[in-house]
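With our numbering, letter number 74 in the sequence shown gets 92, and the count goes up by one each step, no holes.
Just so it is clear, CB atoms sit at the ideal spot from N, CA and C, and this is done for glycine as well.
First comes the structure, then the notes that go with it.
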Amino acid sequence: MITIITFIVKNINIDIDNEGQRLDNFLLKILKGVPKSHIYKIIRKGNIKINNKKSKVDYKLLAKDVVSLPNLRLPQADTNVTFPKIKFSIVYEDDNFFVIDKPCGIAVHGGSGILFGVIEQLRACYKKGTFLELVHRLDRDTSGLLIVAKKRSCLLEFHKMFRESLCHKKYIALVKGKWLNKRQHIKLPLKKYVTKSGERRVVVSPEGQYAHTIVDLIRHYGDYSLLNVEILSGRTHQIRVHLSHSGFPIIGDSKYGSKEYDSFCIQHGFKRMFLHAYGLKFLHPLTKEMIELESCMPVECDSILDVLNLGL
Numbered sequence: 019m020i021t022i023i024t025f026i027v028k029n030i031n032i033d034i035d036n037e038g039q040r041l042d043n044f045l046l047k048i049l050k051g052v053p054k055s056h057i058y059k060i061i062r063k064g065n066i067k068i069n070n071k072k073s074k075v076d077y078k079l080l081a082k083d084v085v086s087l088p089n090l091r092l093p094q095a096d097t098n099v100t101f102p103k104i105k106f107s108i109v110y111e112d113d114n115f116f117v118i119d120k121p122c123g124i125a126v127h128g129g130s131g132i133l134f135g136v137i138e139q140l141r142a143c144y145k146k147g148t149f150l151e152l153v154h155r156l157d158r159d160t161s162g163l164l165i166v167a168k169k170r171s172c173l174l175e176f177h178k179m180f181r182e183s184l185c186h187k188k189y190i191a192l193v194k195g196k197w198l199n200k201r202q203h204i205k206l207p208l209k210k211y212v213t214k215s216g217e218r219r220v221v222v223s224p225e226g227q228y229a230h231t232i233v234d235l236i237r238h239y240g241d242y243s244l245l246n247v248e249i250l251s252g253r254t255h256q257i258r259v260h261l262s263h264s265g266f267p268i269i270g271d272s273k274y275g276s277k278e279y280d281s282f283c284i285q286h287g288f289k290r291m292f293l294h295a296y297g298l299k300f301l302h303p304l305t306k307e308m309i310e311l312e313s314c315m316p317v318e319c320d321s322i323l324d325v326l327n328l329g330l
């Protein structure tokens, strides 16, 4: 059951853990239930003030800033709602961050009709108020390694590394078609857009943002190809769109793939997208120690490869 309550917060004092966040992102985090469009509207109207002054959506918060909010009415979720208990495999953890092996089919965060995601489930397992933030994202149907920061300073260092392409991410993908080149660089700009039905998609466009993907052929399975993929930029749906645009859609990709191409795998019980984030390599954001992590291939992915191998 959803009820409406009045949410009154006059002032919020910014601490060191929230320093460096954009104002809009900070408000989206603390004002659960308020539509994003409404948050942007009240910022533009000057209803949100920083140190008693009007601010912009992209203002970066400083420690000791005071954020003043107007009275808002928020939907309050039923307190009886509980998150499903999913035990995430932790690949690495220290005092600053940890890395989990995300299963396929779970969104990294709630929103847009999704009640909960990985981050909400993780926060539910920690003491209330504990700092936990996603360093990067994985698509709902992509499995694999996902970094979660436990400190704001660590999160900011990771963001800097990602911007400078100093965090190397590797994926394994199964595509329809015989990939020809042993190694291929795909450099095609990507642009986000929304369809008439409200679906968010990405397309190759000269008006888009720079995107660079490196593809290495692992082996062929008849008319399928197993690929090792590394991204040197972190665009939404980058691997999926680059491969699909090149004529090699990922098996099980409901957005950029083809049901016709997927039919054989579906008949043999494979009901997910074959994209797995198996490798991470980066310098520890604080100690500068080299960290290299790997995730094993999911059982269902191994199984369909066995089926394809038997058919050769």
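Residue(s) in a DSSP beta bridge with residue i
i, result
"residue 244", "192 and 237"
"residue 186", "299"
"residue 162", "120 and 295"
"residue 126", "Beta-bridge pairing links residue 126 to no other residue."
"residue 84", "31"
"residue 334", "With the chain covering only 19 through 330, there is no way to say anything about residue 334."
"residue 152", "166"
"residue 212", "218"
"residue 268", "193"
"residue 227", "208"
"residue 78", "40"
Which of helix, strand or coil DSSP assigns to residue i
i, result
"residue 95", "Low per-residue confidence applies at residue 95: pLDDT is 48, beneath 50, and the placement is therefore not dependable, though the value from the model is reported in the following sentence. Three-state DSSP puts residue 95 in coil, outside helix and strand."
"residue 72", "strand"
"residue 21", "The predicted position of residue 21 is uncertain, since its pLDDT is 44 and thus under 50; no value can be drawn from it."
"residue 33", "coil"
"residue 179", "helix"
"residue 115", "strand"
"residue 141", "helix"
"residue 110", "strand"
"residue 325", "helix"
"residue 220", "strand"
"residue 310", "strand"
"residue 171", "helix"
"residue 316", "coil"
"residue 136", "helix"
"residue 39", "coil"
"residue 249", "strand"
"residue 105", "coil"
"residue 146", "coil"
"residue 54", "helix"
"residue 67", "strand"
"residue 290", "coil"
"residue 260", "helix"
"residue 274", "coil"
"residue 304", "coil"
"residue 45", "helix"
"residue 280", "helix"
From the options, residue whose alpha carbon lies closest to that of residue i
i, options, result
"residue 193", "315, 266, 119 and 298", "266"
"residue 135", "230, 218, 76 and 155", "155"
"residue 218", "244, 268 and 157", "157"
"residue 262", "294, 309 and 220", "220"
"residue 392", "161, 176 and 160", "Outside the shown range of the chain (19 to 330) lies residue 392, about which nothing can therefore be said."
"residue 213", "273, 59 and 174", "273"
"residue 4", "208, 232 and 233", "Shown here, the chain extends from 19 to 330; a query on residue 4 therefore has no answer."
"residue 238", "70, 290 and 200", "200"
"residue 227", "242, 236, 252 and 233", "252"
"residue 165", "52, 106, 279 and 329", "106"
"residue 124", "161, 308 and 113", "161"
"residue 234", "197, 62, 242 and 67", "197"
"residue 121", "254, 292 and 325", "292"
"residue 186", "264, 256, 171 and 310", "310"
"residue 202", "159, 179, 230 and 319", "230"
"residue 70", "56, 88 and 59", "88"
"residue 260", "204, 289, 269 and 270", "204"
The ligand ADP heavy atom lying under 6 Å from the CB of residue i
i, result
"residue 30", "Ligands are entirely absent from the displayed structure, and the ligand ADP is therefore not among its contents."
Next item on the list: Determine contact between the stretch 185-205 and the stretch 240-248, defined as no fewer than three beta-carbon pairs at a distance below 8 Å.
Entry: Short answer: they touch.
Notebook entry, point to check: Can we say the stretch 296-311 touches the stretch 277-284, given the rule of at least three CB pairs closer than 8 Å?
Noted result: In short, these stretches do not touch, since the Cβ pair count stays below three.
Check: Does the pairing of the stretch 68-85 with the stretch 40-47 give three or more beta-carbon distances under 8 Å?
Finding: yes
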